[in-house]
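**Q** As numbered in this note's numbering, residues 3 to 242 make up the sequence shown, in order.
Positions of the beta carbon are idealized from the N, C-alpha and C atoms, including for glycine.
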Amino acid sequence: LSETKYKAIAFPWQSQINNLSSKNEESIWNATKHAFGQWKPLMKKIKIRNVVIINGFYWVAIAGAQLTLLPLMLTDPNGLAMTATDVGKVYMGMSLVQVFGNPIVARSVDKLGKMPAIIVGCTLISGSMASLPFAHDIPCLAIVLCTWATGSTMLSTAPVAYISDVVEDENRAQAIALLRTAGDVGFLTGASAVGALADWTGNLDIAMQSSAGFLLAGTTWFGLRQYLQRRKLPQKIKKN
């Protein structure tokens with residue numbers, strides 16, 4: 003019966019809340035579409051694309067090697083057999099190298115150039131990763147990890163500085179966001195993939211050296227791209 007039928011009660015503020023939530027969803031979606039729309043033309047620029055890709059390579063290697071494998075290797079009972087406190091000291095030492103090395107590295111990046119600094123930094127890190135399984139005592143470990151931290155310091159400065167130099171002012175924030183997103187994707191990919199590789203092979207050393215090889219391959223590709231671009235530039239100038 004119509005007299006006993008339940009009728010929903012609608013308060014005036016409910017419609018306002020619904021309108022606000024729908025507007026927020028639309029604004030987030032539009033902002034996301036707008037960001038991806040800005041990233042497409044940025045990725046068409048070869049200078050930006052190369053740096054974004056090598057940044058992804060770097061974070062794949064770092065997430066897999068430094069954040070997944072290194073603690074396991076340090077606490078391995080058949081190896082260094084460090085305690086949790088010792089592992090904390092190791093990471094503190096690497097952070098101290100970066101803290102005190104940042105001003106020096108930033109100055110060297112300005113003199114050396116951003117692109118060479120990226121290549122040198124990645125080479126230092128991949129070399130440290132490959133050498134780590136052979137560091138069976140504390141002095142050798144300290145040398146390897148200090149070298150590793152120095153390379154990481156270069157990679158924390160050079161890519162962002164280069165992107166800021168080559169992008170127009172109005173696109174700078176989006177270009178840096180693109181660079182960070184490539185790093186985040188590399189981070190989540192590297193941590194899971196390298197961890198799975200270590201479980202599959204049953205050997206942390208193989209997984210660590212595979213990470214080194216992966217980063218070295220990306221560095222070689224990046225260096226060749228820079229070399230070929232520099233060779234093409236004089237040819238274009240002569241034609242003009």
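Over the uninterrupted alpha helix (DSSP H) stretch that includes F59, give me the two end residues.
**A** Working through the sequence shown from its first residue, we reach residue 59 at position 57. It spans I48 to G66 - the alpha helix (DSSP H) in which F59 sits, taken as one unbroken run.
**Q** Roughly how many angstroms separate the alpha carbons of R227 and N52, rounded to a whole number?
**A** One-based indexing of the sequence shown puts residue 227 at position 225. One-based indexing of the sequence shown puts residue 52 at position 50. Each residue's Cα considered, the two are about 8 angstroms apart.
**Q** Can you grab the Cα-Cα spacing for the pair N173 / M45, in whole Å?
**A** In the sequence shown, residue 173 corresponds to position 171, counting from 1. In the sequence shown, residue 45 corresponds to position 43, counting from 1. Computed Cα separation, rounded: 12 angstroms.
**Q** According to DSSP, is R227 part of a helix, a strand, or is it coil?
**A** Your numbering for residue 227 matches position 225 in the sequence shown. DSSP places R227 in helix when its eight states are reduced to three.
**Q** Per the contact definition of three or more C-beta pairs closer than 8 angstroms, is the stretch 149-161 in contact with the stretch 108-128?
**A** The answer is yes - the stretch 149-161 touches the stretch 108-128, with three or more Cβ pairs under 8 angstroms.
**Q** Would you mind giving the Cβ-Cβ distance between T155 and Q68, rounded to the nearest angstrom? I have them listed as a contact below 8 angstroms.
**A** By one-based count along the sequence shown, residue 155 stands at place 153. By one-based count along the sequence shown, residue 68 stands at place 66. Not really, about 13 angstroms apart at Cβ, beyond 8 angstroms.
**Q** By a C-beta neighbour count over all protein chains shown, 10 Å radius and 16 as the cutoff for buried, is F221 buried or exposed?
**A** Sequence index remark: in the sequence shown, residue 221 carries index 219 (1-based). The question names Phe, but residue 221 in the sequence shown is Thr. With 16 or more other Cβ atoms within 10 Å, it is buried.
**Q** Looking at the structure shown, is L82 part of a helix, part of a strand, or coil, going by DSSP?
**A** Within the sequence shown, the letter at position 80 stands for residue 82. Looking at L82 - three-state DSSP - the assignment turns out to be coil, as it is neither helix nor strand.
**Q** Return yes when the Cβ of G192 is within less than 8 angstroms of the Cβ of G66, no when it is not.
**A** Here residue 66 refers to the residue found at position 64 when the sequence shown is read from its first residue. Here residue 192 refers to the residue found at position 190 when the sequence shown is read from its first residue. Yes, the pair counts as a contact, with Cβ atoms nearer than the cut-off.
**Q** Quick check on A177: does DSSP put it in helix, strand or coil?
**A** Taking the sequence shown and counting its residues from 1, one reaches residue 177 at position 175. Note: A177 maps to helix in three-state DSSP.
**Q** Alpha helix (DSSP H) containing L143: first to last residue?
**A** Reading the sequence shown from its first residue, position 141 is the one you call residue 143. Where L143 is concerned, the enclosing alpha helix (DSSP H) stretches over I140 to V168.
**Q** Could you tell me how far apart the beta carbons of G197 and T85 are, in whole angstroms, since I believe they sit closer than 8 angstroms?
**A** Along the sequence shown, read from residue 1 onward, the residue named residue 197 stands at position 195. Along the sequence shown, read from residue 1 onward, the residue named residue 85 stands at position 83. With 8 angstroms as the limit, G197 and T85 do not qualify as a contact, their Cβ atoms being about 22 angstroms apart.
**Q** Check this for me: beta carbons of Y164 and M117, under 8 angstroms apart or not?
**A** In the sequence shown, the residue the question calls residue 164 occupies position 162. In the sequence shown, the residue the question calls residue 117 occupies position 115. Yes.
**Q** Helix, strand or coil, according to DSSP, for G204 in the structure here?
**A** Within the sequence shown, numbered from 1, the residue matching residue 204 stands at position 202. G204 falls in the coil class under three-state DSSP.
**Q** Straight-line CA distance for N242 to L230?
**A** Here residue 242 corresponds to residue number 240 of the sequence shown, with the count starting at 1. Here residue 230 corresponds to residue number 228 of the sequence shown, with the count starting at 1. Any answer about N242 is weak, because its pLDDT of 45 lies below 50 and its placement is not dependable; what the coordinates show is given next. Taking the straight line joining both Cα atoms gives about 19 angstroms.
**Q** Please state the DSSP three-state secondary structure of T222.
**A** Locating residue 222 in the sequence shown gives position 220, counting from the first residue. Three-state DSSP puts T222 in a helix.
**Q** According to DSSP, is T125 helix, strand or coil?
**A** Taking the sequence shown and counting its residues from 1, one reaches residue 125 at position 123. Three-state DSSP puts T125 in a helix.
**Q** Give me the residue from G123, S213 and A219 with the minimum Cα distance to L72.
**A** By 1-based counting over the sequence shown, the position of residue 72 is 70. The shortest Cα separation from L72 among G123, S213 and A219 belongs to S213.
**Q** If I measure Cβ to Cβ from G225 and keep anything under 6 angstroms in the same chain, skipping five residues before and after, which residues do I get?
**A** As a first step, residue 225 must be located in the sequence shown, where it is residue number 223. For G225, where only same-chain residues beyond five positions count, the Cβ hits under 6 angstroms are I121.
**Q** Helix, strand or coil for L137 per DSSP?
**A** Residue numbering aside, residue 137 sits at position 135 when the sequence shown is read from its first letter. According to the sequence as given, residue 137 is Ala; it is not Leu. Correct three-state label for A137: coil.
**Q** Do you know how far the Cα of Q40 is from the Cα of L218?
**A** Mapped onto the sequence shown, residue 218 falls at position 216. Mapped onto the sequence shown, residue 40 falls at position 38. Cα to Cα, L218 sits roughly 30 angstroms from Q40.
**Q** Closest Cβ-Cβ distance between F102 and chain B: below 8 angstroms?
**A** Absence of chain B from the displayed structure is noted, only one protein chain being present.
**Q** By the three-class DSSP mapping on this structure, what secondary structure does G185 have?
**A** Start at 1 with the first residue of the sequence shown, and residue 185 comes out as number 183. Here G185 sits in helix by DSSP.
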